[in-house]
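Visitor: Sending over a structure as structure tokens; questions will come in a sec.
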Amino acid sequence: MILTYSYKLYLNTSQEKTLERWLRTCNWIFNRALEQRIKAYERRKESVSYQDQQALLTDWRGRMDSLRLVPVTFERDALRRVDRGMKAFFRRVKAGQKPGFPRFKPFRRYRSLECLAVAKYLQGDRIRIPNLGLVRCRGRLLPIGKQRGLRIVHRESGWYAQIILDNGVTISPREPQTSVGIDVGLASFATLSTGDKIDNPRFARKAERKTRALQRRASRKKKGSANRRKAVQRLARQHERVASQRRSFAHAEARKIVDRFDLIAFENLNIAGMVHGNLARSIHDAAWSLFLFCLIFKAENAGKSTVAVNPRGTSQECPRCGAVAKKSLSEREHVCPCGTRLCRDHAAAQVILARALRGNGGLNSLVEEPASVAPLVAVSASRSDETRMPNGSDEPSM
Ligand SMILES: [Zn+2]
3 MILTYSYKLY
13 LNTSQEKTLE
23 RWLRTCNWIF
33 NRALEQRIKA
43 YERRKESVSY
53 QDQQALLTDW
63 RGRMDSLRLV
73 PVTFERDALR
83 RVDRGMKAFF
93 RRVKAGQKPG
103 FPRFKPFRRY
113 RSLECLAVAK
123 YLQGDRIRIP
133 NLGLVRCRGR
143 LLPIGKQRGL
153 RIVHRESGWY
163 AQIILDNGVT
173 ISPREPQTSV
183 GIDVGLASFA
193 TLSTGDKIDN
203 PRFARKAERK
213 TRALQRRASR
223 KKKGSANRRK
233 AVQRLARQHE
243 RVASQRRSFA
253 HAEARKIVDR
263 FDLIAFENLN
273 IAGMVHGNLA
283 RSIHDAAWSL
293 FLFCLIFKAE
303 NAGKSTVAVN
313 PRGTSQECPR
323 CGAVAKKSLS
333 EREHVCPCGT
343 RLCRDHAAAQ
353 VILARALRGN
363 GGLNSLVEEP
373 ASVAPLVAVS
383 ASRSDETRMP
393 NGSDEPSM
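Following the numbering used here, the residues of the sequence shown are numbered contiguously, the last one being 400.
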């Protein structure tokens, strides 16, 4: 089982400057490597591989001093991210969609360095960072296991290290005894096929108001002024606070569901495609995709199954007799001639569960549909991706 443990780093000014420089360099490599891939595809419909780009990196390192100053392991991470992004791109092309290319990252969005190699990173209350040495840190005691990687994350509140730990425990999937369908909506965060509801977290609305106020305040200050810089900093801290609240909400709610049910079904929603226009909607989608990420991750680690079902018309179908029951968005109740009368979202959650249990090709195909789940939250199936935790650096940062 792969787990991530987070530690706050106590760096001196020169160490901080060094890490900042490394981030900048890796950010540059990321953008150049992405550019090369996009051009190769646009001009010749060619796909450049990760190995090709490793050779290119070696060449760059030979010619540019600034690149040689950064541990190559972090630079390879930049190439890996490009590789992941492009693989997801080609998956979408293959699925017949018209995807956009992965996007270039401005420096403010390139916030982490990752190194995937087995080593003793954490030693007592210090963490060994390649080329930088031992750095004092604070965090939880690390359980026994193999330290498989190190991630360094820069947040508004400081620098953090994450240790990726394999505790050696393997959990084999088990036959599902209990199952649940989950429907997401705006009225409540989620509705279960059992009729339980997960309410929208109380902090969300409050945080949204505060964020908006801070945004307004920042935009009123004179450009380039010290006051503006301070206001922008306050806004960034607010974003970080909300993100961390959202993370704990997602983790806690996902944990409850995974503890209760063996098979968990939800709609295979194209979340990225839905985030347009409506702010409430887009915030909700970000929260939902994070929740889903936690759900899949925790289920996998507990030997439980997740199934993403076809979302078409889940709210327009009777869970009991299967008849089509057309409803407008404002109709909150499902009423069917067969006598079924349920709250709209409750009915939809039951339809979702029924679809999962039916499976695609018969009764027993219900477990494991990783292929349909993976692209949804941008996790690919490669080994290195499994170490990417919901609280990792690449989480939806809303
Ligand atoms: Zn019916």
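For each residue, glycine too, the CB sits at the ideal point set by N, CA and C.
Since Ser195 and Asp264 are thought to touch, with beta carbons under 8 Å apart, how far apart are those beta carbons, to the nearest angstrom?
Guide: As a first step, residue 195 must be located in the sequence shown, where it is residue number 193. As a first step, residue 264 must be located in the sequence shown, where it is residue number 262. Contact doesn't hold; Cβ gap of about 14 Å is too wide.
Visitor: Can you tell me the Cβ-Cβ gap for Val50 and Arg39, rounded? I've got them flagged as a contact below 8 Å.
Guide: The residue labelled residue 50 in the question sits at position 48 within the sequence shown. The residue labelled residue 39 in the question sits at position 37 within the sequence shown. Contact flag correct, Cβ pair sits at about 5 Å.
Visitor: Would DSSP call Asn366 helix, strand or coil?
Guide: Here residue 366 refers to the residue found at position 364 when the sequence shown is read from its first residue. No answer about Asn366 holds up, because its pLDDT of 31 lies below 50 and its placement is not dependable.
Visitor: Relative to the C-alpha of Asn270, which residue among Val311, Leu237 and Ala288 is closest?
Guide: Within the sequence shown, numbered from 1, the residue matching residue 270 stands at position 268. Ranking the options by Cα distance to Asn270, first place goes to Val311.
Visitor: Which class does Val84 belong to by DSSP, given the choice of helix, strand or coil?
Guide: The count along the sequence shown starts at 1 and reaches residue 84 at position 82. Here Val84 sits in helix by DSSP.
Visitor: Pick helix, strand or coil for Asp287, following the three-state DSSP scheme.
Guide: The residue you call residue 287 lines up with position 285 of the sequence shown. Helix, per DSSP.
Visitor: Is the stretch 95-108 touching the stretch 139-152 in the sense that three or more CB pairs, one from each, lie closer than 8 Å?
Guide: Flag = no, the stretch 139-152 and the stretch 95-108 do not touch.
Visitor: Report the three-state DSSP secondary structure of Pro392 (helix, strand or coil).
Guide: By 1-based counting over the sequence shown, the position of residue 392 is 390. Unreliable placement is indicated for Pro392, whose pLDDT of 39 sits below 50; no coordinate value is reported for it.
Visitor: Using a strict less-than 6 Å threshold between each residue's beta carbon and the heavy atoms of ligand 1, what residues do you get?
Guide: That query returns the following residues: Cys320, Arg322, Cys323, Ala325, Cys338, Cys340 and Thr342.
Visitor: Tell me whether Ile173 sits in a helix, a strand or coil according to DSSP, three-state version.
Guide: Here residue 173 is taken as the residue at index 171 of the sequence shown, counted from 1. Coil.
Visitor: Here's the rule: buried if 16 or more other CB atoms are within 10 angstroms of the residue's CB, otherwise exposed. What is Ser250?
Guide: For this step, residue 250 is matched to residue 248 along the sequence shown. Counting Cβ neighbours within 10 Å, Ser250 comes out exposed, since fewer than 16 surround it.
Visitor: Going along the chain, which residues of its own chain have a beta-carbon closer than 7 Å to the beta-carbon of Phe268, five neighbours each way excluded?
Guide: Your numbering for residue 268 matches position 266 in the sequence shown. Excluding residues within five positions, the ones whose Cβ falls inside 7 Å are Ile184, Leu294, Ala310 and Ile354.
Visitor: Check each candidate in His348, Tyr12, Ser16 and Pro132 and name the one with the smallest Cα separation from Gly187.
Guide: The count along the sequence shown starts at 1 and reaches residue 187 at position 185. The shortest Cα separation from Gly187 among His348, Tyr12, Ser16 and Pro132 belongs to His348.
Visitor: Are there three or more Cβ pairs, one per stretch, closer than 8 Å when the stretch 3-11 is compared with the stretch 48-62?
Guide: Contact fails: fewer than three Cβ-Cβ distances are below 8 Å.
Visitor: Distance, Cα to Cα, Arg93 vs Phe299?
Guide: As a working mapping, residue 93 is identified with position 91 in the sequence shown. As a working mapping, residue 299 is identified with position 297 in the sequence shown. Straight-line Cα distance between these residues: approximately 21 Å.
Visitor: Pick helix, strand or coil for Val309, following the three-state DSSP scheme.
Guide: Here the question's residue 309 lines up with position 307 in the sequence shown. Note: Val309 maps to strand in three-state DSSP.
Visitor: What span of residues does the beta strand (DSSP E) with Arg138 cover, start to end?
Guide: In the sequence shown, the residue the question calls residue 138 occupies position 136. Residues Gly135 to Gly141.
Visitor: Met3: buried (16+ other C-beta within 10 angstroms of its C-beta) or exposed?
Guide: Within the sequence shown, residue 3 is the residue found at index 1, counting from 1. Answer is exposed; the Cβ neighbour count stays below 16.
Visitor: Among residues of its own chain, excluding the 5 on either side of Ala289, which ones have a beta-carbon nearer than 6 Å to its beta-carbon?
Guide: Indexing the sequence shown from 1 puts residue 289 at position 287. Contacts found: Arg248.
Visitor: For Lys19, tell me which candidate among Val244, Leu71 and Phe32 has the shortest Cα-Cα distance.
Guide: The residue you call residue 19 lines up with position 17 of the sequence shown. Among Val244, Leu71 and Phe32, the Cα nearest to that of Lys19 belongs to Leu71.
Visitor: Counting beta carbon pairs with one atom in the stretch 25-32 and one in the stretch 72-85, are three or more of them shorter than 8 Å?
Guide: Segments in contact, yes.
Visitor: Could you check which residue in Leu237, Ala228 and Pro203 has the C-alpha nearest to that of Arg219?
Guide: For the purposes of this step, residue 219 is taken as residue 217 along the sequence shown, with counting starting at 1. Measuring from the Cα of Arg219, the nearest candidate turns out to be Leu237.
Visitor: State the Cα-Cα distance for the pair Arg140 and Lys223, rounded to the nearest angstrom.
Guide: As a working mapping, residue 140 is identified with position 138 in the sequence shown. As a working mapping, residue 223 is identified with position 221 in the sequence shown. Looking at the two C-alpha atoms, the distance is approximately 37 Å.
Visitor: Provide the residue span of the beta strand (DSSP E) that contains Cys117, from first to last.
Guide: The residue given as residue 117 occupies position 115 in the sequence shown. Its beta strand (DSSP E) spans residues Ser114 to Cys117.
Visitor: Let me know the alpha helix (DSSP H) ranges lying completely inside the stretch 154-208, each 4 residues or longer, listed in chain order.
Guide: Segments of the alpha helix (DSSP H) lying fully in the stretch 154-208: there are none.
Visitor: Name the residue from Arg46, Thr180 and Lys96 whose alpha carbon lies nearest to the alpha carbon of Ala358.
Guide: Position 356 of the sequence shown holds residue 358. The candidate whose alpha carbon is nearest that of Ala358 is Thr180.
Visitor: Which stretch, first to last residue, makes up the beta strand (DSSP E) that contains Tyr12?
Guide: On the sequence shown, residue 12 is found 10 positions in, with the first residue counted as 1. Counting along the chain, the beta strand (DSSP E) containing Tyr12 begins and ends at Ile4 to Tyr12.
Visitor: Arg83 to Leu25, Cα distance in whole Å?
Guide: Here residue 83 is taken as the residue at index 81 of the sequence shown, counted from 1. Here residue 25 is taken as the residue at index 23 of the sequence shown, counted from 1. Arg83 and Leu25: Cα-Cα distance of roughly 14 Å.
Visitor: Under a Cβ-count criterion, where at least 16 other Cβ atoms within 10 Å of its own Cβ denotes burial, should Ala252 be classed as buried or exposed?
Guide: Position 250 of the sequence shown, counted from the start, is the residue given in the question as residue 252. Answer is buried; the Cβ neighbour count reaches 16.
Visitor: Based on the DSSP output, what are the partners of Val337 in its beta bridges?
Guide: The count along the sequence shown starts at 1 and reaches residue 337 at position 335. Paired residues: Arg343.
Visitor: Taking contact to mean at least 3 C-beta pairs separated by less than 8 Å, is the stretch 337-351 in contact with the stretch 189-205?
Guide: As far as the Cβ criterion goes, the stretch 337-351 touches the stretch 189-205, which means the pair count is three or higher.
Visitor: When the distance is taken between beta carbons, is Gln240 closer than 8 Å to Thr213?
Guide: Against the sequence shown, residue 213 aligns to sequence position 211. Against the sequence shown, residue 240 aligns to sequence position 238. Contact flag set, yes.
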